[in-house]
Amino acid sequence: GKWELVRRERITPDGELLPMPEPPAPGADGEVGFIMYDPAGYMGVVILPPERPNYSGDQPTGEEAVGALGTYTSYFGTYTVNETEGFLTHHLLGNVRPPDSANNNQRFFEFSGDQLILMPPADDSGIKRRIIWQRVPDLPETELTETHRRLFGFYRWTKIERATLAGEPIPTEQWDNAFIIYMPSGHMAVHISRKNRPVYTGAPTPEQALQAIQTYGSYFGPFSVHEEEDYLVHHRIGNLNPGQSGTDAQRFFELTDTTLKLRPPPRMIDGREVQGTITWERISD
Numbered sequence: 002g003k004w005e006l007v008r009r010e011r012i013t014p015d016g017e018l019l020p021m022p023e024p025p026a027p028g029a030d031g032e033v034g035f036i037m038y039d040p041a042g043y044m045g046v047v048i049l050p051p052e053r054p055n056y057s058g059d060q061p062t063g064e065e066a067v068g069a070l071g072t073y074t075s076y077f078g079t080y081t082v083n084e085t086e087g088f089l090t091h092h093l094l095g096n097v098r099p100p101d102s103a104n105n106n107q108r109f110f111e112f113s114g115d116q117l118i119l120m121p122p123a124d125d126s127g128i129k130r131r132i133i134w135q136r137v138p139d140l141p142e143t144e145l146t147e148t149h150r151r152l153f154g155f156y157r158w159t160k161i162e163r164a165t166l167a168g169e170p171i172p173t174e175q176w177d178n179a180f181i182i183y184m185p186s187g188h189m190a191v192h193i194s195r196k197n198r199p200v201y202t203g204a205p206t207p208e209q210a211l212q213a214i215q216t217y218g219s220y221f222g223p224f225s226v227h228e229e230e231d232y233l234v235h236h237r238i239g240n241l242n243p244g245q246s247g248t249d250a251q252r253f254f255e256l257t258d259t260t261l262k263l264r265p266p267p268r269m270i271d272g273r274e275v276q277g278t279i280t281w282e283r284i285s286d
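Residue numbering for the sequence shown follows the numbering used here, beginning at 2 and increasing consecutively.
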């Protein structure tokens with residue numbers, strides 16, 4: 002199912018609840034985020050803090066990239082549940098932060114009413130964290146189209162194609178791994194891990210942070226279906242690129258039982274109109 006972030010708590014070894022940090026630091030009051038689980042064993046997380054500054058230009062500086070990378074959470078992969086010991090593990094296939102891209106994140110869990118409480122192991126200083134999520138209800142049946150019912154689920158990227166409107170193919174670099182997710186609550190998220198991600202440990206340099214955000218893509222928010230015109234709109238309330246939070250993305254679609262093809266509106270590139278197509282394979286049962 003799908004869960005919306007309520008808050009993140011930090012607790013000292015003495016049981017004292019620490020104050021929330023100031024925005025836009027992770028854990029600040031007013032964060033927006035979702036965790037999405039599929040019964041087939043797939044998952045994804047996105048978290049956006051408030052007051053993220055926009056880039057000063059079309060492209061970020063290295064210092065701006067450090068800030069963007071440090072204030073946005075996005076990762077995806079599979080998960081397993083150990084009910085006997087009360088924990089689950091997120092087996093990552095991608096993470097906005099390259100050093101964490103293949104982590105196995107253990108989370109002890111509790112349910113309290115409609116809330117899910119995830120608790121990572123304590124850090125080296127003994128501080129414990131509690132991440133509290135609220136279950137998000139599904140859309141009412143009266144609001145669902147046939148496309149909604151067929152679309153809900155997790156999809157894995159298989160290929161990207163680009164061609165001119167005259168049909169001339171254009172060589173296109175392929176990604177490394179990606180998920181797109183459509184939940185019955187009417188929300189979606191996309192996680193894209195590209196090739197040639199930087200390798201580093203600890204805090205990134207400005208150059209490493211710039212390469213990290215240039216080789217990863219993520220956004221999330223509600224989506225709407227325009228069935229008669231064969232397009233979707235992704236209403237992006239959160240985006241790795243701060244300037245694109247709060248914008249819409251139109252995607253024309255072709256949907257079968259096993260694949261989803263998404264096409265943004267054509268773009269002018271080097272004086273030619275170019276159409277891109279992203280093909281996704283359904284991985285939900």
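Even glycine gets a Cβ: it sits at the ideal position worked out from N, Cα and C.
Worksheet item: Where does glutamate 328 land, buried or exposed, given buried means 16+ other C-beta within 10 angstroms?
Response: What the structure shows of the chain is the stretch from 2 to 286, and residue 328 is not part of that stretch, so it cannot be assessed.
Worksheet item: Helix, strand or coil: which one does DSSP assign to aspartate 101?
Response: Counted from its first residue, the sequence shown places residue 101 at position 100. Helix, per DSSP.
Discussion item. One question on the structure: do tryptophan 4 and tryptophan 176 come within less than 8 Å of each other, judged by their Cβ atoms?
Written reply: Residue mapping note: residue 4 aligns to position 3 of the sequence shown, counting from 1. Residue mapping note: residue 176 aligns to position 175 of the sequence shown, counting from 1. The Cβ atoms of tryptophan 4 and tryptophan 176 lie no closer than 8 Å to each other.
Worksheet item: Distance, Cα to Cα, aspartate 101 vs phenylalanine 109?
Response: For this step, residue 101 is matched to residue 100 along the sequence shown. For this step, residue 109 is matched to residue 108 along the sequence shown. Rounded to whole angstroms, aspartate 101 and phenylalanine 109 show a C-alpha spacing of 19 Å.
Worksheet entry | Per DSSP, the bridge partner or partners of valine 226 | The count along the sequence shown starts at 1 and reaches residue 226 at position 225. Looking at the DSSP output, valine 226 shares a beta bridge with Leu233.
Item to complete: Whole angstroms is fine: what's the gap from leucine 6's alpha carbon to alanine 167's?
Response: Here residue 6 is taken as the residue at index 5 of the sequence shown, counted from 1. Here residue 167 is taken as the residue at index 166 of the sequence shown, counted from 1. Going by C-alpha positions, leucine 6 is about 46 Å away from alanine 167.
Worksheet item: Tell me which same chain residues have a C-beta within less than 7 Å of the C-beta of aspartate 139, skipping the five on either side of it?
Response: Translated into the one-based positions of the sequence shown, residue 139 becomes position 138. Closer than 7 Å at the Cβ level, and outside the excluded window around aspartate 139, lie Pro185 and Ser186.
Worksheet item: On the three-state DSSP scale, how would you describe arginine 11?
Response: Here residue 11 corresponds to residue number 10 of the sequence shown, with the count starting at 1. If DSSP states are grouped into helix, strand and coil, arginine 11 belongs with the strands.
Discussion item. Whole angstroms are fine: how far does the CA of asparagine 55 sit from the CA of asparagine 242?
Written reply: Sequence index remark: in the sequence shown, residue 242 carries index 241 (1-based). Sequence index remark: in the sequence shown, residue 55 carries index 54 (1-based). Distance between the alpha carbons of asparagine 242 and asparagine 55: 8 Å.
Practice prompt. Taking only runs that begin and end inside the region 146-225, name each unbroken alpha helix (DSSP H) of 4 or more residues, in chain order.
Written response: You should have 147-152 and 207-215.
Item to complete: Within 10 angstroms of the Cβ of serine 246, are there 16 or more other Cβ atoms? Answer buried if so, exposed if not.
Response: Working through the sequence shown from its first residue, we reach residue 246 at position 245. So serine 246 counts as buried.
Worksheet item: Can we say the region 148-164 touches the region 223-235, given the rule of at least three CB pairs closer than 8 Å?
Response: The region 148-164, when compared against the region 223-235, does touch it at the 8 Å Cβ threshold.
Worksheet entry | CB contact flag (arginine 198, threonine 216, <8 Å) | Position 197 of the sequence shown, counted from the first residue, corresponds to residue 198. Position 215 of the sequence shown, counted from the first residue, corresponds to residue 216. In this structure, threonine 216 lies closer than 8 Å to arginine 198 by Cβ.
Worksheet entry | Endpoints, alpha helix (DSSP H) assigned at alanine 250 | Start at 1 with the first residue of the sequence shown, and residue 250 comes out as number 249. According to the DSSP assignment, alanine 250 belongs to no alpha helix (DSSP H) but to the beta strand (DSSP E) extending over 248-256.
Discussion item. Cutting at 8 Å between CB atoms, please list the residues of its own chain near glycine 42, excluding the five before and the five after it.
Written reply: As a first step, residue 42 is located in the sequence shown; it is residue number 41 there, counting from the start. Within the same chain, and ignoring the five residues on either side of glycine 42 in sequence, the residues whose Cβ sits closer than 8 Å to its Cβ are Thr79, Tyr80 and Thr81.
Worksheet item: Taking buried to mean at least 16 other C-beta atoms within 10 Å of its own C-beta, is glutamate 32 buried or exposed?
Response: By one-based count along the sequence shown, residue 32 stands at place 31. Counting Cβ neighbours within 10 Å, glutamate 32 comes out buried, since at least 16 surround it.
Worksheet item: Does the distance from the C-beta atom of leucine 18 to that of tyrosine 156 stay below 8 Å?
Response: Counting from one through the sequence shown, the residue named residue 18 turns up at place 17. Counting from one through the sequence shown, the residue named residue 156 turns up at place 155. No.
Worksheet item: Quick one, which of Asn106, Val137, Arg136 and Ser113 has its alpha-carbon nearest glutamate 122's?
Response: The residue given as residue 122 occupies position 121 in the sequence shown. Contrary to the premise, residue 122 reads as proline rather than glutamate in this sequence. Out of Asn106, Val137, Arg136 and Ser113, the CA that lies nearest to the CA of proline 122 is found in Asn106.
Worksheet item: To the nearest angstrom, how far is it from the Cα of leucine 94 to the Cα of tyrosine 76?
Response: Within the sequence shown, numbered from 1, the residue matching residue 94 stands at position 93. Within the sequence shown, numbered from 1, the residue matching residue 76 stands at position 75. Straight through space, the alpha carbons of tyrosine 76 and leucine 94 are spaced by roughly 8 Å.
Worksheet item: Got a sec? Which residues, its chain only, sit under 8 Å from methionine 189 by beta carbon, not counting five neighbours each side?
Response: Numbered from its first residue, the sequence shown carries residue 189 at position 188. Its chain contains Ile181, Ile182, Tyr183, Phe221, Gly222, Pro223, Phe224 and His235 as the residues whose beta carbon lies nearer than 8 Å to that of methionine 189, once the 5 sequence neighbours on both sides are disregarded; these appear in chain order.
Fill in: beta strand (DSSP E) runs wholly inside the region 10-82, at least 3 long, in chain order
33-38 and 43-49, all fully within the region 10-82.
Worksheet item: Among all the DSSP beta bridges, which residues are the ones paired with asparagine 106?
Response: As a working mapping, residue 106 is identified with position 105 in the sequence shown. For asparagine 106, which the question treats as bridged, DSSP gives the partners His91.
Fill in: Span of the beta strand (DSSP E), counted from its first residue to its last, around leucine 117
By 1-based counting over the sequence shown, the position of residue 117 is 116. Taken as a continuous stretch (DSSP letters only), the beta strand (DSSP E) holding leucine 117 covers 116-120.
Worksheet item: Which of helix, strand or coil does DSSP assign to glutamate 144?
Response: As a first step, residue 144 must be located in the sequence shown, where it is residue number 143. In the three-state scheme derived from DSSP, where H, G and I count as helix and E and B as strand, glutamate 144 is classed as helix.
Fill in: Of the listed residues Pro24, Met120, Arg53 and Thr278, nearest to leucine 263 (C-alpha basis)
If you number the sequence shown from 1, residue 263 lands on position 262. The candidate whose alpha carbon is nearest that of leucine 263 is Thr278.
Discussion item. Can you look up glycine 244 in the DSSP assignment and give me helix, strand or coil?
Written reply: In the sequence shown, counting from the first residue as 1, residue 244 sits at position 243. Look at glycine 244 here: in three-state DSSP terms it is helix.
Worksheet item: Buried or exposed: aspartate 39, going by 16 or more other Cβ atoms within 10 Å of its Cβ?
Response: For the purposes of this step, residue 39 is taken as residue 38 along the sequence shown, with counting starting at 1. Its Cβ being crowded by 16 or more others within 10 Å, aspartate 39 is buried.
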